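A quick write-up on the structure given underneath.
Residue numbers (this note's numbering): 30 to 624.
Structure, rendered in structure tokens:
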């Protein structure tokens, strides 16, 4: 690490101390939005050439870029912005980071106290601006030679520790600066012996304070309890929610193989669109539409691994049936929207699965519910046949075909509203492995383009992103991020000229207000936007056109936008038609089995 001294003035010395100690504590990169008050912080990053950093004009997009960079690596990223409303533009990404437990270090430059609440330019109340959505916040006063430099170093260390300790999440360091902000020499600003308390730190590359994250493992008594519970279960169900690490996905796979229970994998689990277990029931959401299935399938015990699940129908099913419900996650937050969890364990997921799987292989197996695997396979055939019969692309077939065509070297990012739901309901189980990311903490539609770009940079992989038109319009400022070095995103924009998901809600039965206030038709297309930002662009209408453009984009190594126009009312009808076919065919199966 480059020496942080000499520095021209105290502002720049404190900024350099802060940045270097963040890096020493494991911050993997910095995302900077330009501004004047943050000059010392930005220059502290730029002075150290080995620090990975990105610059983008829009704080909201930069926040989501950093969020998915951190989510993909598991390491904290830092955000730097100037004072005023620039800070407020981080709020959506801070909320998402908080709810999805992603370590972010928010560093905001601030005006000095004498410029607050007096009408000074670009001065707002920034202390505690993010409220309860940050794990920790601290305001560093204006740099002062009467304050020991160790304060800056321990602030940085505490910030990283609090961001990474479960539940991981954002922290906020608010940095007040008086002028001068530029790197000009200020005689006598830094006393001669000011850095003496940190001489040992300057002489090495280690953090000032070595923070040790606690490990979360089950106690012997807890292991005995879990074994006693699960070994006696005859009618069990394994639900797998969001998993973010390949190691977690592999260990969950091996546990599923050992349990011999039906497996309901969420689309973000890494076990839904590929990596199929022998007991996978990928189309459980559609099976829950069939009354006969609801009558027959009645698990007495649920083991839920990982994060939340996308399917509302599954949540409603579990709420009605009230099985014993064991949730195993790596954080202490109450992720229990139906308030049905009866046993809750906070532990490392990979370790839990790796410990439990061998024990399950030694127990007596009670075959139960395995007919659900066959029913799910039947639905897979139905969807395949239906999709192949469609002459033009629709929102179901986009999810279906992309999940089949996505190569092993590409991960998937799914926008909220319909893209993630369609992939969860109709994505192919025969697709390739890979991580599937979505911003499901707050489930907003903002920051999706920036998110996919940050995901791509962090993973050093092609990201196939499927988002809606409103999400794209919401994040127009982030299109330039697709052209950044190290970013390769194939962005598929489903343009249904408004809010397609609202067509599925009861409000759509009120046409006199629905279209104006909920459908929100805009009439925009994205060819001119792509041209403005010099991004390759295509419009497709048919499956073979999508396949050709998608596969060409995979080979080129640069980002591309593919727009697919769909119709909202037709999309609703197609969903209902396919679900009617599925229900009809499954009812035949039940009738056949009962005779």
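Where is the CB? At the ideal position from N, CA and C, for every residue including glycine.
Keep in mind that this is a model prediction, so the values were computed, not measured.
Per-residue DSSP class, three states only, for residue i
i           : result
residue 294 : strand
residue 480 : helix
residue 30  : For residue 30, the predicted model reports a pLDDT of 42, less than 50, meaning its position is unreliable and no value from the coordinates is stated.
residue 240 : coil
residue 53  : helix
residue 307 : coil
residue 334 : strand
residue 107 : strand
residue 138 : strand
residue 486 : helix
residue 300 : coil
residue 506 : helix
residue 497 : strand
residue 328 : coil
residue 289 : coil
residue 519 : strand
residue 526 : coil
residue 491 : strand
residue 611 : helix
residue 317 : coil
Cβ distance (whole Å) where residue i is taken to contact residue j below 8 Å
i           : j           : result
residue 39  : residue 218 : 5 Å
residue 381 : residue 247 : 7 Å
residue 199 : residue 135 : 6 Å
residue 397 : residue 615 : No, residue 397 and residue 615 are not in contact; Cβ-Cβ is about 19 Å, not under 8 Å.
residue 252 : residue 392 : Actually they do not touch by this definition, with Cβ atoms about 14 Å apart.
residue 402 : residue 309 : 7 Å
residue 524 : residue 592 : 6 Å
Backbone CA spacing between residue i and residue j [nearest angstrom]
i           : j           : result
residue 272 : residue 336 : 7 Å
residue 527 : residue 472 : 18 Å
residue 32  : residue 44  : The pLDDT assigned to residue 32 is 48, lower than 50, so where the model puts this residue is not dependable; a value taken from the coordinates is nonetheless given after this. Rounded to whole angstroms, residue 32 to residue 44 spans 13 Å at the Cα level.
residue 355 : residue 331 : 6 Å
residue 292 : residue 249 : 27 Å
residue 598 : residue 550 : 12 Å
residue 534 : residue 479 : 28 Å
residue 445 : residue 498 : 11 Å
residue 28  : residue 400 : Because the chain in this structure spans residues 30 to 624, residue 28 falls outside the shown range and cannot be described.
residue 30  : residue 376 : Only weak support exists for where residue 30 lies, its pLDDT of 42 falling under 50; the value from the coordinates is given anyway. Residue 30 and residue 376: Cα-Cα distance of roughly 35 Å.
residue 275 : residue 488 : 12 Å
residue 530 : residue 542 : 16 Å
residue 122 : residue 97  : 10 Å
residue 345 : residue 366 : 10 Å
residue 342 : residue 349 : 11 Å
residue 186 : residue 137 : 17 Å
residue 133 : residue 505 : 23 Å
residue 437 : residue 59  : 29 Å
residue 236 : residue 230 : 7 Å
residue 84  : residue 430 : 35 Å
residue 503 : residue 89  : 10 Å
residue 606 : residue 548 : 21 Å
residue 50  : residue 188 : 10 Å
Identity of the residue in the options nearest residue i by Cα
i           : options            : result
residue 561 : 117, 512, 146, 529 : 512
residue 413 : 355, 427, 320      : 427
residue 265 : 275, 395, 50       : 395
residue 424 : 229, 451, 166      : 451
residue 194 : 216, 240, 613, 77  : 240
residue 119 : 99, 158, 149       : 158
residue 519 : 434, 339, 602      : 434
residue 27  : 431, 407, 308, 285 : Residue 27 lies beyond the residue range present for the chain, which begins at 30 and ends at 624; the question has no answer from this structure.
residue 207 : 220, 229, 172      : 172
residue 496 : 229, 521, 459, 54  : 521
residue 453 : 79, 586, 301, 590  : 301
residue 294 : 288, 314, 386      : 314
residue 483 : 92, 50, 333, 46    : 92
residue 131 : 145, 466, 71, 216  : 466
residue 456 : 390, 409, 67, 606  : 409
residue 280 : 190, 212, 383, 234 : 383
residue 16  : 256, 587, 572, 262 : Here the chain comprises residues numbered 30 to 624, so residue 16 is not present and cannot be evaluated.
residue 500 : 460, 517, 448, 48  : 448
Near the ligand SAM: residue i beta-carbon under 8 Å from a heavy atom
i           : result
residue 437 : Absence of the ligand SAM is noted for the structure shown, with no ligands found whatsoever.
(request) Only counting runs of 3 or more residues, tell me where the beta strand (DSSP E) segments fall wholly within the segment 400-473, in order along the chain. (result) 439-443
field: Segments assigned alpha helix (DSSP H), at least 4 residues, entirely inside the segment 549-606
entry: 556-561, 572-585
### Message
Could you tell me which whole beta strand (DSSP E) segments of length 3 or greater appear in the segment 224-287?
### Response
265-269
- Item | Ranges of the alpha helix (DSSP H) found wholly within the segment 154-209, counting only runs of at least 4 | 179-193
message = Which complete beta strand (DSSP E) runs does the segment 347-382 hold, if anything under 3 residues is left out?
response = 353-358, 372-375
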